[in-house]
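There are 2 protein chains.
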Amino acid sequence: MTERRELMIGDFARRSRLPISTLRYYDRIRLLSPALVDPTTGYRRYTLEQLPAATLIARLRALGVPPASIARILTDRSTAATVLLHERQRIETQIEAGRRRLRQLDELLTDDAQSTYDVDIVTLHPREVAALPFLLPAAELEPGVTRTIARLRSALRHGGHRRTGPWGATFPVDLADNVSGFAFAPVDRIEPGDLDTAPLPAGRALTTIHRGSPATLPLAYHAVFASLDQRGACPGGPVLEEYTNLDNPNESTFTVRICLPINEPGEHPAPGH
Amino acid sequence: MTERRELMIGDFARRSRLPISTLRYYDRIRLLSPALVDPTTGYRRYTLEQLPAATLIARLRALGVPPASIARILTDRSTAATVLLHERQRIETQIEAGRRRLRQLDELLTDDAQSTYDVDIVTLHPREVAALPFLLPAAELEPGVTRTIARLRSALRHGGHRRTGPWGATFPVDLADNVSGFAFAPVDRIEPGDLDTAPLPAGRALTTIHRGSPATLPLAYHAVFASLDQRGACPGGPVLEEYTNLDNPNESTFTVRICLPINEPGEHPAPGH
DNA sequence: GCTGAGCCCTGAAGCCGGGTGAGAGTCAAG
DNA sequence: CTTGACTCTCACCCGGCTTCAGGGCTCAGC
């Protein structure tokens, strides 16, 4: 009945409360195209029937739903619930990230004596540990290591092994695009074929302990590198991180021990390289 | 002592855990420039002293602090606390916005019988009300009106006036870039010079009631416009919104009455325009 | 028929915070 | 001298639009 009632883009913009430029953009990306385009003038003609779609788009965009997802909802209404639940999850993670940032910002604000790290020099003894390798983009190192440790944990449980020390991970000092290393844990018994194992780097190493949020871990590395320069030494192998209180959800008790094997000045490079 | 120790961009990138491309970018926007640039080769030389700054930048960027704010912090350490508190507030509003979006998304998911609006035709009688004008960008209409009503509220309190009906606002139907209109409230007495007052639009009007989150208000407008088309009428003056349960923080009881003055077919346009 | 106002069109460029790639120059080791 | 790793600049890409320049269409008034 109202099918012949057509609106120029300006009328449609006022009705839908969307800017004209945005409507043209939505036409370009095929999110919402006019019912008809005059073939001679190129004028866009919208119909009243298109208004609910425009309103839905405006609502969803205001909620931050990306146009691509909205297009999926419009073309296939049956997937709407799935897509929306997915968006819901996205917003929830965003909120969680916001909370975490808030905490870290507060740390920054209250943290005055933050960068006092004591770097010691120690000798690492050779150790054979249960290990699980990973290959991760540098940007996802921290969550990826956490996941790898979780998998190692269940592997140990299945094998009936008992952990005799803190969880850890080792990987090259220089983080390339993709970091390959392994998560590890010392265990009570090593049986061939039963479990993947690996030797940990050994020899002289610089070590320091970082407490609290992993976000400030680079500061600890900075201290280690400064000490390295001071001694005129250079890195002698993959770095080693040991995590304690990993299972404790309270972030403030979380601690990381960093061990960086070194070649001291006037020394031959470590064998095996 | 270590002042002569210089790092090429690659070394500095590994130490600071920032991508080389980002370091070059930060140089371009003068957020973090190398201590020295070789005049013949153009090679950037960073010093160890710049590492803490790089680490600080990385931390703040990870928290979503924009580079411009970080630059302010770096050039003037005394403003750091101010800037950080400001960022803190920004994140808090972000989280709040996320929560609101979540609620609205849930409304979308649960809302099935959403778009049933009954549009009635009524006659508005002329009324003189206490008023406070506003001029707002269309995008900030809703919060701006809320703020204007708050100012009107305190003006009424100062003048010892008593409100005799719901808060409201009126503004043109076609939202231009800047919307000029006024917030109003009917009061018990009108005395010249005592309070700004204004007449409300009168005559025949279409009206409907919207309940719940303001985010879905456009649906109500859509229903009003559809009714307008059906009657072959056109808008006859600024639209009028009346808000009840505005003071109640519970969003689900919030209701808006929309009144759109109209010119009915075959009628002369309203006088006064 | 002409003019001007107010619509409308297209295509290109700009915004942020970088990421990516081409093509060329530099440096140290063998 | 060559090789390979490193560096440089310049320019273009992303999303989700907005804005601008340069034009065409339509209608009312004269």
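Protein sequences appear in the order of chains A and B.
Read in full-length UniProt numbering, the first sequence has 86 at position 86, and its numbers run on one by one without any break.
Read in full-length UniProt numbering, the second sequence has 256 at position 256, and its numbers run on one by one without any break.
For glycine and all other residues, C-beta sits at the position ideal for the given N, C-alpha and C.
### DSSP three-state assignment for Thr216 of chain B, whether helix, strand or coil
helix
### Message
Contact criterion: CB-CB distance below 7 Å. Does Pro218 of chain B meet it with respect to chain A?
### Response
yes
### Task
Compare the C-beta of Trp167 of chain A against all C-beta atoms of chain B and say whether one is closer than 7 Å.
no
### Message
Here's the rule: buried if 16 or more other CB atoms are within 10 angstroms of the residue's CB, otherwise exposed. What is Ala113 of chain A?
### Response
Low confidence applies here, because Ala113 of chain A scores a pLDDT of 41, under 50, leaving its location unreliable; read the following figure in that light. Answer is exposed; the Cβ neighbour count stays below 16.
### Task
Give the interface partners of Ala35 of chain B over in chain A, defined as CB-CB distance under 7 Å, in chain order.
Residues of chain A passing the Cβ test: none, with the nearest at roughly 16 Å.
### Query
Taking contact to mean at least 3 C-beta pairs separated by less than 8 Å, is the segment 48-55 of chain B in contact with the segment 234-245 of chain A?
no
#### Entry: Where Leu36 of chain A sits in the DSSP three-state scheme
strand
### Task
Could you say if the segment 133-150 of chain A and the segment 158-169 of chain A meet the contact criterion of at least three C-beta pairs nearer than 8 Å?
yes
### Message
If I measure Cβ to Cβ from Arg257 of chain A and keep anything under 6 Å in the same chain, skipping five residues before and after, which residues do I get?
### Response
Ile209 and Glu242
### Query
Which parts of the segment 38-114 of chain B are runs of the alpha helix (DSSP H), unbroken and 4 residues or longer, counting only runs that do not cross its ends?
51-62, 67-75 and 80-110
### Task
For Arg151 of chain B, count neighbouring C-beta atoms within 10 Å of its own C-beta (all shown protein chains included) and say buried if the count is 16 or more, exposed if not.
exposed
### Query
Relative to chain A, which residues along the segment 203-234 of chain B have a C-beta separation below 9 Å, given in chain order?
Ala215, Thr216, Pro218, Leu219, Tyr221, His222, Phe225, Ala226, Asp229 and Gln230
#### Entry: chain B contacts from the segment 79-106 of chain A (Cβ-Cβ distance under 8 Å)
Ala81, Leu84, Leu85, Glu87, Arg88, Ile91, Glu92, Gln94, Ile95, Gly98, Arg99, Arg101, Leu102, Gln104, Leu105 and Asp106
### Task
Compare the C-beta of Thr170 of chain A with all C-beta atoms of chain B and state if any pair is closer than 7 Å.
no
### Task
For Gln104 of chain B, count neighbouring C-beta atoms within 10 Å of its own C-beta (all shown protein chains included) and say buried if the count is 16 or more, exposed if not.
buried
### Message
Is Arg157 of chain B close to chain A? Criterion is C-beta to C-beta, closer than 7 Å.
### Response
no
### Task
In the DSSP assignment, find the beta strand (DSSP E) that holds residue 275 of chain B and state where it starts and stops.
Any question about residue 275 of chain B goes unanswered here, given that chain B covers just 1 to 273.
### Task
Using a Cβ-Cβ cut-off of 7 Å, state whether Arg17 of chain A counts as contacting chain B.
yes
### Task
Examine chain B for any beta-carbon lying closer than 7 Å to the beta-carbon of Leu141 of chain A, and answer yes or no.
no
### Message
Would you say Thr55 of chain A lies against chain B (beta-carbon separation less than 7 Å)?
### Response
yes
### Task
Taking only the alpha-carbon atoms, compute the straight-line gap between Leu60 of chain B and Ala35 of chain B and give it to the nearest angstrom.
21 Å
### Task
For the alpha helix (DSSP H) holding Phe12 of chain A, just list the boundary residues, first then last.
Ile9 to Ser16
### Query
What is the residue span of the alpha helix (DSSP H) that Gly144 of chain A lies within?
Leu141 to Gly159
### Task
With 7 Å as the threshold, decide whether the Cβ of Arg24 of chain A is near any Cβ in chain B.
no
### Neighbouring residues, chain B, relative to Asp174 of chain A (Cβ below 7 Å)
Arg14
### Neighbouring residues, chain A, relative to Gly64 of chain B (Cβ below 8 Å)
Arg101
### Task
Would you kindly work out how many angstroms separate the C-alpha atoms of Ala96 of chain A and Gly193 of chain B, rounded to a whole number?
The identity of residue 96 of chain A in the sequence shown is Glu, whereas the question assumes Ala. Roughly 53 Å between the two C-alpha positions.
### Query
By the criterion of Cβ-Cβ separation under 9 Å, what are the contact partners of Ala150 of chain A in chain B?
Result: empty, since nearest Cβ-Cβ is about 23 Å, beyond 9 Å.
### Query
Can you find a CB in chain A that lies within less than 7 Å of the CB of Ala113 of chain B?
At Ala113 of chain B the pLDDT is 41, less than 50, meaning the model places this residue with poor confidence; the figure from the coordinates comes in the next sentence. For Ala113 of chain B, the answer is no, since every Cβ of chain A falls outside 7 Å of its Cβ.
### Query
Do you know how far the Cα of Pro199 of chain A is from the Cα of Gly160 of chain A?
21 Å
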